[in-house]
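A quick write-up on the structure given underneath.
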Amino acid sequence: MTSQVFYRKWRPQTLAEIVGQAQVTQTLSNALSSGRVSHAYLFYGPRGTGKTSTGRILAKALNCLSDGKGEPCNNCDMCRAITEGRALDVIEVDAASNTGVDDIRSLREKVNYAPNQARYKVYIIDEVHMLSNSASNALLKTLEEPPPYI
Numbered sequence: 024m025t026s027q028v029f030y031r032k033w034r035p036q037t038l039a040e041i042v043g044q045a046q047v048t049q050t051l052s053n054a055l056s057s058g059r060v061s062h063a064y065l066f067y068g069p070r071g072t073g074k075t076s077t078g079r080i081l082a083k084a085l086n087c088l089s090d091g092k093g094e095p096c097n098n099c100d101m102c103r104a105i106t107e108g109r110a111l112d113v114i115e116v117d118a119a120s121n122t123g124v125d126d127i128r129s130l131r132e133k134v135n136y137a138p139n140q141a142r143y144k145v146y147i148i149d150e151v152h153m154l155s156n157s158a159s160n161a162l163l164k165t166l167e168e169p170p171p172y173i
């Protein structure tokens, strides 16, 4: 039996498992099932409300190899790779540690490359409020005019 940290063991893996965010999960579920997903989402709230978990679930749902009708299957190779943190096309950036404009310029260069394995590249930028003003401005261009596979 392998041991897991408590928060990883009980972290939600589907939109249905997210507690206390009914409007958010319903909106995302509707967008996924209709195929009208926006190119960017901003999840805002206090620590521990599921912002990063929701981003990961959205990444899985977008790239799931089975037809989950808006929910990830959590069984296909892509869902497992994203859950285990080894998916090349789901990139998590800690903006609290990478606050400079050079960090964002580096990210912008990587955005230009097409996905390697997944259908879509997904960037989860944690603690984005910690970016400097110049870094935020550098990120704006990518947010406003992303490539079609982002």
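Throughout the sequence shown, residue numbering follows the working numbering, covering 24 to 173 in sequence.
Glycine included, every Cβ here is placed at the ideal spot set by N, Cα and C.
Keep in mind the model is a prediction, meaning the values are calculated, not measured.
How is the beta strand (DSSP E) around residue i delimited, first residue to last?
i	result
Tyr-146	145–149
What is the residue span of the alpha helix (DSSP H) that residue i lies within?
i	result
Leu-121	According to the sequence displayed, residue 121 carries Asn and not Leu. Counting along the chain, Asn-121 falls outside any alpha helix (DSSP H), and DSSP gives it neither H nor E.
Thr-37	From DSSP, Thr-37 is part of no alpha helix (DSSP H); its letter is neither H nor E.
Glu-167	156–167
Exposed or buried, which one is residue i when buried takes at least 16 other CB atoms within 10 Å?
i	result
Asp-112	buried
Pro-95	buried
Leu-130	buried
Arg-79	buried
Ala-137	exposed
Lys-179	Nothing can be reported for residue 179: it is not among the residues displayed for the chain, which extend from 24 to 173.
If distances are taken between C-alpha atoms only, which option among the options comes closest to residue i?
i	options	result
Pro-69	Arg-103, Thr-50, Ser-52 and Gly-43	Gly-43
Ala-141	Arg-109, Ala-118 and Asn-160	Arg-109
Met-153	Glu-168, Val-124, Tyr-143 and Gly-71	Val-124
Thr-75	Glu-115, Ser-159 and Ser-129	Glu-115
Phe-66	Arg-34, Val-151 and Ala-39	Val-151
Arg-34	Asn-121, Cys-102, Thr-77 and Asp-117	Thr-77
Asp-117	Val-47, Ile-147 and Tyr-30	Ile-147
Gln-36	Ser-26, Gly-93 and Thr-106	Thr-106
Asp-126	Val-145, Ser-159, Cys-99 and Glu-167	Ser-159
Asn-139	Met-101, Glu-168, Ala-161 and Arg-31	Met-101
Lys-133	Asn-98, Asp-90, Cys-99 and Pro-169	Pro-169
Quick test of the definition: if touching needs 3 or more C-beta pairs under 8 Å, does the segment 76–88 touch the segment 45–60? yes
For the segment 56–117, which segments carrying the alpha helix (DSSP H) assignment without a break, of at least 4 residues, lie completely within its bounds, in sequence order? 74–86 and 100–107
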